[in-house]
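To keep things clear, I will list the structure first and then write my remarks on it.
Residue numbers (my numbering), protein chains in the order written: chain C, 2 to 78; chain D, -19 to 430.
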């Protein structure tokens, strides 16, 4: 299945594409592994505009056509 | 090496949020400290070091600070390459980007003023960002050096501004961009130049201008009040014209120089002022970032973003649940970091043990992480006692109605308001304060303040 991906902030250094191919039923956590984005560098993931808390990344299954945003941590400033 | 901290014309003429600018474009921006200098007829402090600095254990100090520098160099959070403005598109996606005087939390033109826009080369070969710049001894180098397109309306006939200077940080980009609805990166950069030149806090200026724009669009003020300048949201020319007028205290700039709270009171609409204790908000909406809202409300200098850090827990959970403890802890710890003379941007790489190791090698006495944390709590309570003695009360520990009653219209926190009513009692309790927000005698005794 194909999931649309957008990353924010400095995460552009890890992924600059627009889509990722994943196995059917892949979780948000598995998507981050596929994108090779270290978990410590992720502030929040949203799927179709809804926040997916850190503790639910492994349980949240993606479906074909989902729009996932991987947000960098905030640092203040 | 000569180092200079100076005020500009804004500090001389009493702009309420005048800044002290260090070495041309690094500012002590918040709380109007430039006005304090101006009121005392103190224009600048220039220092040339001629003696060494006494260090408790020089050998250990050099060893520890070199280790810590290496640690910092490995973990700058992308600040060197993208600067703090890398947060702009995160705040947009998160839905915490204050827009049009906090009426909205996302801004369609964000990508025209964010870090990537600064790095983009246009069709004429112009790129806003020239390079980054470090403060003395820093391995992060988050500072931006930028320039404006020579054909831009702001500097087309003003060669004196064709040079490179301090560029957009996240807060300046937010304050000259989304919160006033402007998406013109050159106008934003020029306004930044003027803030440094005249010596003003860009956050307070931008948020005050945002309130003026809302007053203008409501019809409370008209072009008769604003020297003929239409103060509509999105008007880049209004941004740059009013930046100059405010710095020089000319025309409507005298009203903007009052700051948001006094200006909104003047026009009978205090509810439009996005301030706490008279300080304008930084660029994080308290409906999406609940702990930041609690920190703003309880901040000893109001809605400042530099005195607490709940970003991580706020991003992971948009409710107010469990935010009091990290808010208190980060306030206490930030008080330590500020007192150490180190930059808060080191906090991503260094925790209490890393700070303690350096300070213990540097300063007389034994400095453990535990002692530092207690010192931070003591500082916070001392500042609180000062504020209470100055007449502030628990009624000042609040947020504007807009953040408490108007739900976030979009973003991951859509439908939420700030849950201050739930967080504040827990916060007071954790601090060892009464329900009226006053430190108990036991708390003061424990901290050596009794």
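Yeah, the Cβ is synthetic: ideal placement off N, Cα and C, and Gly gets one too.
Within-9 Å CB hit, residue 72/D to chain C: Closer than 9 Å to some Cβ of chain C, the Cβ of residue 72/D qualifies, so yes.
Residue burial classification, residue 311/D (beta-carbon count within 10 angstroms, cutoff 16): Classification of residue 311/D: buried, given that the 10 Å Cβ count is 16 or more.
Amino acids of chain C, ordered along the chain, whose beta-carbon sits closer than 8 Å to that of residue 324/D: Going along chain C in sequence order, the residues near residue 324/D (Cβ under 8 Å) are 77.
Within-9 Å CB hit, residue 38/C to chain D: For residue 38/C, the answer is no, since every Cβ of chain D falls outside 9 Å of its Cβ.
Cβ neighbour criterion (16 or more within 10 Å) applied to residue 366/D: Burial is judged here by how many other beta carbons sit within 10 angstroms of a residue's own beta carbon; residue 366/D has fewer than 16 and is exposed.
Members of the stretch 40 to 71 of chain D that neighbour chain C once the beta carbon cut-off is set at 9 Å: Going along the stretch 40 to 71 of chain D in chain order, one finds 57, 58, 59, 61, 62, 63, 64, 65, 66, 67, 68, 69, 70 and 71 with a Cβ nearer than 9 Å to chain C.
Listed by chain order, chain D residues near residue 28/C by CB distance under 8 Å: By Cβ distance, chain D contributes nothing, its closest Cβ being about 17 Å from residue 28/C, past 8 Å.
Spatial distance of residue 16/D from residue 27/D (CA atoms): Those two C-alpha atoms are separated by around 20 Å.
Expected contact under 8 Å - CB spacing of residue 260/D and residue 239/D to nearest Å: The Cβ separation is near 7 Å, so the contact holds.
Proximal residues, the stretch 295 to 321 of chain D versus chain C, C-beta separation under 9 Å: Within the stretch 295 to 321 of chain D, the residues whose Cβ lies closer than 9 Å to some Cβ of chain C are 295, 296, 297 and 298, listed in chain order.
Close Cβ partners of residue 300/D (< 6 Å) along its chain, the five nearest in sequence each way excluded: The residues are 270, 399, 402 and 403.
Contact with chain C by residue 265/D, beta-carbon distance below 9 Å: Closer than 9 Å to the CB of residue 265/D there is not a single CB belonging to chain C.
Three-state secondary structure (DSSP) of residue 392/D: DSSP places residue 392/D outside both helix and strand once states are collapsed to three, so it counts as coil.
For residue 296/D, the first and last residue of its enclosing alpha helix (DSSP H): Taken as a continuous stretch (DSSP letters only), the alpha helix (DSSP H) holding residue 296/D covers 291 to 296.
Within the stretch -7 to 49 of chain D, ranges of the beta strand (DSSP E) (whole runs, at least 3 residues): Fully contained in the stretch -7 to 49 of chain D are the following beta strand (DSSP E) runs of length 3 or more, in chain order: 0 to 2, 6 to 8 and 24 to 28.
Which of helix, strand or coil DSSP assigns to residue 1/C: Given that chain C is displayed from residue 2 to residue 78, the structure contains no residue 1/C and the question cannot be resolved.
Under 9 Å between C-beta atoms of residue 364/D and residue 421/D: Cβ atoms of residue 364/D and residue 421/D: not closer than 9 Å.
Classification of residue 72/C by the beta-carbon crowding that lies within 10 angstroms, buried from 16 upward: With a 10 Å radius around the Cβ and a threshold of 16 neighbouring Cβ atoms, residue 72/C comes out buried.
Buried versus exposed call for residue 142/D [16 or more other C-beta atoms within 10 Å across all chains shown]: Exposed, since its Cβ has fewer than 16 Cβ neighbours within 10 Å.
Segment contact, 8 Å Cβ cut-off, at least three pairs: the stretch 211 to 231 of chain D with the stretch 159 to 178 of chain D: By the Cβ test, the stretch 211 to 231 of chain D is in contact with the stretch 159 to 178 of chain D, since at least three Cβ pairs between them sit closer than 8 Å.
Residue 262/D vs residue 154/D beta-carbon contact at 9 Å: Yes, Cβ-Cβ distance for residue 262/D and residue 154/D is below 9 Å.
Identity of the residue in 179/D, 149/D and 184/D nearest residue 169/D by Cα: For residue 169/D, the nearest C-alpha among the options comes from 149/D.
Neighbour flag for residue 291/D against chain C, beta carbons, 9 Å: Yes, contact with chain C.
Inside the stretch 181 to 236 of chain D only - alpha helix (DSSP H) runs reaching at least 4 residues: Those alpha helix (DSSP H) runs which fall completely within the stretch 181 to 236 of chain D and span 4+ residues are 182 to 198, 216 to 228 and 233 to 236.
Min CB distance residue 18/C to chain D below 9 Å: So, not an interface residue.
C-beta neighbour in chain C for residue 5/D, strict 9 Å: Residue-level contact by beta carbon fails for residue 5/D and chain C, as no gap is shorter than 9 Å.
Closer than 7 Å at the beta carbon, the chain C residues around residue 328/D: By Cβ distance, chain C contributes 76.
Residue span of the alpha helix (DSSP H) that contains residue 240/D, given as start and end: Counting along the chain, the alpha helix (DSSP H) containing residue 240/D begins and ends at 240 to 246.
Segment contact, 8 Å Cβ cut-off, at least three pairs: the stretch 316 to 329 of chain D with the stretch 49 to 69 of chain D: The stretch 316 to 329 of chain D is in contact with the stretch 49 to 69 of chain D.
Identity of the residues DSSP links to residue 79/D by a beta bridge: Within the DSSP secondary-structure output, residue 79/D pairs in a beta bridge with 84/D.
N- and C-terminal bounds of the alpha helix (DSSP H) containing residue 310/D: DSSP places residue 310/D in the uninterrupted alpha helix (DSSP H) bounded by 304 to 320.
Assigned secondary structure, residue 125/D (DSSP; H/G/I helix, E/B strand, else coil): Here residue 125/D sits in strand by DSSP.
Partners in chain D for residue 52/C, counting only beta-carbon separations shorter than 7 Å: Within chain D, the residues near residue 52/C are 298 and 392.
Bounding residues of the alpha helix (DSSP H) (the contiguous stretch that carries residue 69/D): Counting along the chain, the alpha helix (DSSP H) containing residue 69/D begins and ends at 67 to 74.
First and last residue of the uninterrupted alpha helix (DSSP H) at residue 342/D: Start and end: 332 to 342.
DSSP bridge partner residues for residue 260/D (one or two, in chain order): Looking at the DSSP output, residue 260/D bridges to 255/D.
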